[in-house]
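Protein chains in written order, with my numbering: chain A, 3 to 201; chain U, 2 to 342; chain X, 79 to 292; chain L, 1006 to 1648.
Glycine included, every Cβ here is placed at the ideal spot set by N, Cα and C.
All figures in this text were calculated on a predicted structure; none of them were measured in a lab.
Structure record follows, encoded as structure tokens.
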Amino acid sequence: MSSRFPSRARHRLRAHGAAWLCVALALVFAAGCERETRRFDPKPVPSDLRTQPQSLPDLQPGQPGPGMRETASAGRYDEKSAYEVAQGKMLFRWYNCSGCHAQGGGNMGPALMDTSWIYGSDPDSVFSTIMDGRPRGMPSFRGRIPEAQVWELVAYVRSMSGLIPNEAAPNRDEGLGGAPPESMRKPQPPKDSDAKVGG
Amino acid sequence: MKAHAIAPALLAALASPAAWPQAAHDALQPAGPQAAHIASLWWLAVAICAVVFVAILAALAWALWRAPRAQASTPPEISPPPAAERRHARGVAIALGVCIVLLVVILVGSISTDRALASLPLQDAVHIDLTGHQWWWEATYDDPQPDRIFHTANELHVPVGRPVIVTLHSDDVIHSFWVPSLDGKKDLIPGRTAQIEFRADRPGDYRGQCAEYCGLQHAFMALDVIAMPPGEYAAWAEAQRRPAADPADPQARRGRDLFLSGTCMMCHAILGTTASARSAPDLTHVASRARIAAGRLANTPENLAAWIHDPQAIKPGANMPANLLAPDDLHAVVAYLETLR
Amino acid sequence: MSRRREATPASVPAVRRGDALDVANLPSYGFSHRSLMWWGTAGMMAIEGVAFGFMVVIYFYFRALDPGWPRGGTGGPDLFWGSLNAVLIVVSAIPNTVAEKAAMNRDLPKVRMGLVGLSLVSLGLCVVRWMEFTRLNVGFDESAYGSTVWTLLGLHTFNLVTDVADTLVLTVLMYKGPLEGKRFVDIAENSGYWDFIVLTWLPIYAVIYWAPKF
Amino acid sequence: MSAPRETLRDGDGPGSRAAETLAMTWRTPKGIVGWLSNIDHKSTGKRFIVTAFAFFLAAAFLAALMRTQLVVPDNHFVGPDLYNQLFTMHGTTMMFLFAVPMMQGMSLYFVPLMVGTRNTAFPRMSASAYWIYLVGGLTLYAGFLCNTGADAGWFAYVPLAGPQYGIGKRSDFWNVLVNFSEAMGLMVAVDLATVILKMRAPGMSLRRMPIFAWATLVTSIMIIFAMPTVMLGANLVQLDRMLGTHFFNPGAGGDVILWQHLFWFFGHPEVYFIFIPGLAFISSIIPTFARRPMFGHDAVVLSLISTGFLSFGLWVHHMFATNVPDVGKSFFTAMSLMIAIPTAVQIFCWIATLATGRIQWRPPLLYVLAFFFILVLGGLSGLLLGSVPIDLQVHDSYFVVAHLHYVLIGGAVFPLFGAFYYWFPKITGRMMDERIAKWTFWIMFIGFNVTFFPMHILGLHGMPRRIYTYAAQSGWGTLNLVATVGAFIMGWSVLLFVANVLAGLWRGKPAGENPWGAGTLEWSVPSPPPPYNFVRIPVVSSREPLWSREEGAPTHVSGLSAQTREGLVTTVIDALPDVRYGYPRPTIWPFFAALAVSLWLDWSIFSTQGFVWGLIPPAIAFIGWFWPREKATAEALALEKAP
């Protein structure tokens, strides 16, 4: 750029600059990509669950149902992806979850933005709560909601009590204000009581 | 059809021109008075602009032709002869005067066209409520009698020669209603209500598309306005008001049961069944529509199957999830939907 | 260049020496619009003035648009702290003017006096401002009205705090040095900026505290 | 001598002791620290120009990707998610990271040379602005590389860019970029306006000021009044996103159209920040190559000023499709048509200048002549857009894409390339190859028209903007294919230009002081200019000081200290010598301050805490910047003279 600038120093500067830039980029990259992925084609994993209705009476609340292999770690669940959480929030409205749980404050169903988790706060437990239902009113959505969407709902449900990274949690929504936006909620440390109920 | 055979079929469907019968979307071939007013203003303004453009380039060419050539060392002419300068100043002033006159012509034309647009006679108008969603259009045909109100999606049918008043809302972000053959645009703005009036004078299929960038599938948020003779329109509207009939065919019946017991009814409504969700297009008469997926695909059984099976391959980011139905289940659902005329 | 044009407004004019215009005897600094810093400060004031102006416009825009105005705000903020601030800020103009006049006369003791006075009053203003935020009677996340008054007050506070910091730094500088004539220009410019903060507060005060009453 | 102390004063010509001392006093600091501390307006200007050009190339590359995606219907080259980022990044880069910084960089480099001063008024502020700009641009691109590229369009309409629909951090990056780039723009604008108003060489009254300086003054003042609104707006969106305020939430008393008002109140003048310097390039080039002073100089200056004023009355014409009341619409139509008048005045004056001059056929002039073809077409399509009914048809369609590229490329980029050829010898001391320049020109001219002319027709045929692909049945395929071919032709011309620049730097013919025989002051100094610009500050007695001067008038200023960086402040209207001015010395604090501000802004993307605590480092850096140093104070005291 400047011809008066000594060329050796310029090279040194460039080398240093490039190295630092790479480090910085790598750091941001690691944090950014996860948050910003938009996976549009969560291709359904071939599974025969959908066409063979489960015999629900066999299920024990809190117990994994027969044939249920889905776990968060299997790679279908990504609570670091803002897009998945936002989709979860949209589906929460579309599927009328707020009909019972209100905006998370609870109504007919339990509150979702507090510290108490009757059936466990970990993604797998929330997933099976949605999939299989729970006693006293929580219906089973197996076969009603595709698994990929259930995982999105799981991520959103966890965001309601601040259990997922704030960067990925939704900001305030358009419409009448209510609770503070999920992205600003302090983590509510879960006081799980599923052992008591499930056991 | 096997699931893995769907993708090639889909590509074939997309590639065949028959899949999308030519729909008009040309601002300069108006099919109604609104677009016609605008088109005539357009031609007036373009004619003026063309004259000005040619005149300026001719003046420039003349200037370059008449001026002698020089070098960097040519001494600059510090004080050009005042008489010549005055003459040129007069020329500039005259040219400017002409420009101002032409601008006034465009202004007057613009304002009078605006008046003309606002004075479309609105007696006996069809009232439609149109709501924009990411990325489809929800239409409600209003009627003083509540039981005659009906819903449809992504396709407006209008009677030829009758004015149409479309009330515009948005459910999420800003969209814009634009059917070039019929009228200019109007935005659909969350929290606000807007209105657009137009009339189609020739029967035909006029294509519209969302014109305000609205996210991932802005490219395929299309809408058809089908203008039909009044008699046909009345018959169409009457048909749309009827709830869906129970299918007679066993395969379609099975499809209906799958529809109602599976994921479909979580978002879609079919009048006359238990499906009543309004998050996605109303499917009561889906088979009567020319296209599916907001104008993306022609409404053929193959396309419908492909769409249900994996919408994300067709409209990445759309809010419809992939549905892993066994091939015969998929066929059943499609068969059922095909009965919804 | 004509003879007349060679005269300068400075007390000692530039003088003609052969082909040259000798400027060695021109002053090395000047106050008000003769100082470049004055123009820079004027630019900053224009920028901030536009921001304040638009924030006020936004306030009335919302008010005109929303029949439910002001949502969440019942009767507007408590008048006490805002009015106290308005009184104090007008009072602060006294030490500020003292400092400004003294700076123009290069009167260091008086400059120090004015600046210390201004620093004290302005720190008091910051405390009062804190109290104002607690008595707005509306949350920033309650409605557009709440968001607007918080932001309007916040914008002014940002400028207030910036200039308080600037005043404190200049006060220290006046005691610690190193000093030269140009520093007095800085004092004068700081005073000018303080006047801007005083003058912008009055309309903003009227909007935040009195507009809800009408 | 009337100098009170032993001070070496300037006033002697090149080769004198004063000249040698000046060279020592103004020498560029050495080493990396010196490089970061450099506050020479020419270095800052060059940094702006080179960086802005790099961003131009990046944005052009993104455009090439977009055109590749659109080359055939139903293309799968990029998906909608990436495409949305591509066009947002393209627009944002071109408007915020290329156009404004490029024009300001050109002004920073040339305005002090044209008005006859040794540095700008606040060179540290401009240097700091450069670093803020650089980090801001890198932030945006770092985000893009991490799949966090802004994706709500360069206009970032809420609610799509708002808290609910602007998912992830993409829009936060955009909002923060606005802060970066507008802070940069405002800092440079204040600096430039002050230089032009207060630091002109004695005798350069406003009536004698070059048109380029006028244009810079007009744009700087426009920037000061327009940029705060978009900055305010972007921060309100950011508050909505970060803290849950309700400015743009109709459910809680807010309004989404408010953003459009705030954005376009800035956004329309923004077009003119880019366009007015373009006009000024032309007004600088044409007189030189027509070998005569500008015909109708005063009319041209008045046109620039009135363009500046009128440009604030047009913003609603971007919003005709929202619910604007009819009276308002007519007003904005009238304004949109009226702004054509000052441009028409300038066009006629240029034609008259050419017609009555003697013409040097050199590459800069060629680019200017392209302006007549392209900009006039773009301006005329702008008239069509200004008319409400026509706008309602073509708004947000490819017609607008065609229009805006005709205006911005024809009105700014072609003149800018002309300006590059014109001033390259001054900046580098070497000439560029004229034969390649002419090839570049024709390839660019043809490529441009092949790319953008078909888009007019596409728009009329109903093709909306910002769509990532289109169906084959739409009938838009052929013209899109043509446009893509044109885009690649144009791309080659830019590469050819870059090659020509490199070749010129490497072995261009030495240029000398004034290769084109121009009349303004920047051509009176060596190429490239020395760090102190003028060994003697000139005294000006005409509009083209190198072409003519008044008999018997003084030719230069003497008596400024050669041992310290001293300059002259003159009066606003007549430029009479008023006050001596000690320029700031080079220091690394502006760089630190810029880093601190950048840290604060970047931190605020991710954390509300960062928004508050991040303010502390900038506060420290600014105190460090302003705190006077003993040595500088002692030097100033030695030269001090009270008013």
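- Per DSSP, the unbroken beta strand (DSSP E) holding Trp-137(U) starts and ends at 137-142.
- Any Cβ of chain X closer than 7 Å to the Cβ of Pro-1622(L) would place that residue at the interface, and such an atom is absent.
- Ranked by Cα distance from Thr-1234(L), the options Gly-121(X), Arg-94(X), Ile-125(X) are led by Ile-125(X).
- The beta carbons of Leu-1165(L) and Cys-215(U) sit about 7 Å from each other, so the pair counts as a contact at 8 Å.
- Collapsing the DSSP output to three states places Glu-239(U) in a helix.
- Inter-residue distance for Tyr-1277(L) and Gly-1141(L) is about 23 Å (C-alpha atoms, whole angstroms).
- In the three-state reduction of the DSSP assignment, Asp-1607(L) falls in the helix class.
- Where Pro-281(X) is concerned, the enclosing alpha helix (DSSP H) starts and stops at 259-283.
- DSSP lists Gly-1587(L) as the bridge partner or partners of Glu-1571(L).
- In this structure Thr-1312(L) is in contact with Pro-1347(L), their Cβ atoms being roughly 5 Å apart against a cut-off of 8 Å.
- The closest CA to that of Glu-1640(L), considering only Ala-1601(L), Thr-1569(L), Pro-1589(L), is found on Thr-1569(L).
- By the neighbour-count criterion, in which 16 or more other beta carbons inside 10 Å mark a residue as buried, Arg-95(X) falls on the exposed side.
- When secondary structure is reduced to three states using DSSP, Leu-104(X) falls in the coil class, being assigned neither helix nor strand.
- Under the Cβ criterion of 7 Å, Arg-41(A) is not counted among the residues facing chain L.
- Boundaries for Met-115(A): no beta strand (DSSP E) harbours it, and the DSSP string shows neither H nor E there.
- Considering only Leu-1463(L), Arg-1435(L), Thr-1474(L), Pro-1420(L), the residue with the shortest C-alpha distance to Phe-1450(L) is Pro-1420(L).
- For Val-101(X), the C-beta contacts it makes with chain L under 7 Å involve Val-1562, Gly-1564, Leu-1565, Leu-1573, Pro-1582, Arg-1585, in order along the chain.
- The CB of Tyr-97(A) comes closer than 9 Å to the CB of Met-267, Cys-268, Ala-278, Ser-280 in chain U, given here in chain order.
- With a 10 Å radius around the Cβ and a threshold of 16 neighbouring Cβ atoms, Glu-1011(L) comes out exposed.
- When 8 Å is used as the limit between beta carbons, Thr-235(X) is near no residue of chain L, the shortest such separation being about 12 Å.
- For the options Phe-1429(L), Met-1324(L), Asp-1260(L), Gly-1491(L), the alpha carbon positioned closest to that of Ala-1508(L) is the one of Phe-1429(L).
- In the DSSP assignment, Arg-1554(L) is bridged to no other residue.
- Taking a C-beta distance under 7 Å as the contact criterion, Leu-259(U) and Ala-333(U) qualify as a contact pair.
- Residues of the segment 1064-1098 of chain L with a Cβ closer than 7 Å to any Cβ of chain A, in chain order: Asp-1086.
- Counting only residues of its own chain and dropping the five nearest sequence neighbours on each side, Leu-1565(L) has a CB closer than 6 Å to the CB of Asp-1015, Glu-1571.
- In the displayed model, Tyr-1114(L) falls within a helix according to three-state DSSP.
- Partner residues in the beta bridge of Glu-198(U), as assigned by DSSP, are Ile-166(U).
- Sixteen is the threshold: since fewer than 16 other Cβ atoms of the shown chains lie within 10 Å of the Cβ of Lys-254(X), the residue is exposed.
- If you check the CB distance, Ala-228(U) and Pro-191(U) do not come in under 7 Å.
- Bounds of the beta strand (DSSP E) holding Gln-210(U) are 205-210.
- Beta-bridge partners of Thr-132(U) (DSSP): Glu-139(U), His-170(U).
- In this structure, DSSP gives Trp-1366(L) a state outside helix and strand, which the three-state scheme calls coil.
- At least 7 Å separates the beta-carbon of Ala-71(U) from that of Arg-1367(L).
- Burial is judged here by how many other beta carbons sit within 10 angstroms of a residue's own beta carbon; Leu-93(A) has at least 16 and is buried.
- Under the three-state reduction of DSSP output, Trp-119(A) falls in the strand class.
- Uninterrupted alpha helix (DSSP H) stretches at least 4 residues long and entirely within the segment 129-203 of chain X occur at 157-182, given in chain order.
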